[in-house]
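Numbering (UniProt numbering), first residue to last: 1 to 476. The structure appears below as structure tokens.
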């Protein structure tokens, strides 16, 4: 099978290479090839080749071995369009509202943060668009000297979602998972030449889990002074009879007592005022010892989840909640230097969602949050209380050709092997396809897609550095 390497749509070499094209969910999209030519060709970064209908671009200078004056051996690596995002830094507004700052700690949902990535991507390039983005709550995500590609990995990590980038330069935050309808086994006329079982990188068995939630909205008197949300039991256990007790501690910072409110009315003349007629508790509630919801000396805050103010955390003005009308009055954002927020241009609108923090939520919300924490802890334990495995399977090319098998990344396939105890619908996590035979394929299969280990290690390192910086600022 021959391929044309092009520069500006002009063919500079016709080749018949050996190698493969490898794709992985939230990971590599690379073509590695070797070939020989009778002449010296000066390939350049950015030269392109079309492999199985997708364009790939030369990422680095090729390796060239001169055997003699009429015999040259080449090794080239091409990458898909996703690597263009690694060339663009993720920047944040400075005091003049220009994108020049390399560090930022925005609060927003996935849609808002993907929008910021796109704003940066289209600073230097054209055509990057937003595809399907699932609805999420707002979270704070810390960025420092990230490019747009590593920023996507951080967003996926923070919201525990997948990102996908299509050839049309659309960015999606959604799980792509559909049943391929195929069932494969090892053996002649069964689909597979080999199956290799591997432990999942970075996975550890947990049989006893200590779980806690966030510090938000629980108050100083919560559970004898506990600093974080707790379950109604000390820990959860599973499979201790198989693996004995293997303890682990997990914080679920996204779980805390909260109410997702909805703006039901606004003041046309004042962007600082909005009403939520569905509010089901009184911020101004008091008992014999003072306020029971508001915290003395700490202003309550509203963080908008949707709308023009999505991601903004705004203080509620002192005495700024009117009990009878359920109306809020906000303070302006002190941190926004270049523009006024809220304003007549950036303001609450009917239907906007918001969450109040830095208060003590009513007991019913605390109980609900504790129950939510227990559910999330159980889900985590269910996933991690056993060996987590991935498999590498190699196709039988003749079988795949006969059935014209073409499986997409993310599809599920039914795999069976009695010796390995395998009988499950597993997901295609990566595909490596031969350049000369599209039916000669190796798959990585498993239950879950994960961010590649090198990206995860980078994210964890930066989390530690960010925590150190925050502590230094606090102690200064």
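Glycine included, each C-beta is placed from N, C-alpha and C at the ideal position. Note that the coordinates shown come from a computational prediction; the quantities given were computed from them, not determined experimentally.
Since residue i and residue j are thought to touch, with beta carbons under 8 Å apart, how far apart are those beta carbons, to the nearest angstrom?
i, j, result
"residue 478", "residue 59", "Because the chain spans 1 through 476 in this model, residue 478 falls outside it and cannot be assessed."
"residue 314", "residue 326", "Their Cβ separation, rounded to whole angstroms, is 17 Å, which puts residue 314 and residue 326 out of contact at 8 Å."
"residue 369", "residue 256", "6 Å"
"residue 242", "residue 206", "No, residue 242 and residue 206 are not in contact; Cβ-Cβ is about 12 Å, not under 8 Å."
"residue 129", "residue 188", "Between residue 188 and residue 129 the Cβ distance is about 47 Å, and since that is not below 8 Å, they are no contact."
"residue 133", "residue 166", "Not really, about 13 Å apart at Cβ, beyond 8 Å."
"residue 341", "residue 349", "Not really, about 14 Å apart at Cβ, beyond 8 Å."
"residue 73", "residue 34", "7 Å"
Among the candidates the options, whose CA atom is the shortest distance from the CA of residue i?
i, options, result
"residue 402", "430, 440 and 424", "440"
"residue 320", "398, 57 and 282", "282"
"residue 261", "205, 267 and 351", "351"
"residue 139", "72, 214, 124 and 150", "214"
"residue 93", "119, 83 and 71", "119"
"residue 106", "121, 98, 143 and 235", "143"
"residue 307", "116, 263 and 329", "263"
"residue 258", "267, 287, 346 and 371", "371"
"residue 344", "397, 398, 266 and 334", "266"
"residue 37", "47, 19, 64 and 53", "64"
"residue 310", "108, 25 and 11", "108"
Could you check what DSSP says for residue i in three-state terms: helix, strand or coil?
i, result
"residue 4", "strand"
"residue 432", "strand"
"residue 300", "coil"
"residue 85", "helix"
"residue 408", "coil"
"residue 159", "helix"
"residue 502", "What the structure shows of the chain is the stretch from 1 to 476, and residue 502 is not part of that stretch, so it cannot be assessed."
"residue 197", "strand"
"residue 399", "helix"
"residue 152", "helix"
"residue 306", "coil"
"residue 516", "The requested residue 516 is not part of the displayed model; the chain covers only 1 to 476."
"residue 190", "coil"
"residue 10", "strand"
"residue 20", "strand"
"residue 418", "coil"
"residue 442", "strand"
"residue 171", "strand"
Measure the CB-CB distance between residue i and residue j and report whether it falls below 9 Å.
i, j, result
"residue 251", "residue 381", "no"
"residue 87", "residue 49", "no"
"residue 23", "residue 178", "no"
"residue 218", "residue 229", "yes"
"residue 9", "residue 85", "no"
"residue 149", "residue 374", "no"
"residue 16", "residue 56", "no"
"residue 141", "residue 99", "no"
"residue 339", "residue 346", "yes"
Q: Let me know the beta strand (DSSP E) ranges lying completely inside the segment 312 to 397, each 3 residues or longer, listed in chain order.
A: As far as the segment 312 to 397 is concerned, its whole beta strand (DSSP E) runs of at least 3 residues are 313 to 322, 327 to 330, 353 to 357 and 389 to 395.
Q | Entirely enclosed alpha helix (DSSP H) segments - the segment 206 to 291, minimum 4 residues | A | 240 to 243
Q: Run through the segment 96 to 149 for me and flag every whole beta strand (DSSP E) of 3 or more residues, listed as ranges in chain order.
A: 99 to 101 and 129 to 133
Q.
If we require 3 or more residues per run, which beta strand (DSSP E) segments fall completely within the segment 30 to 95?
A. 48 to 51, 54 to 58, 63 to 68 and 71 to 79
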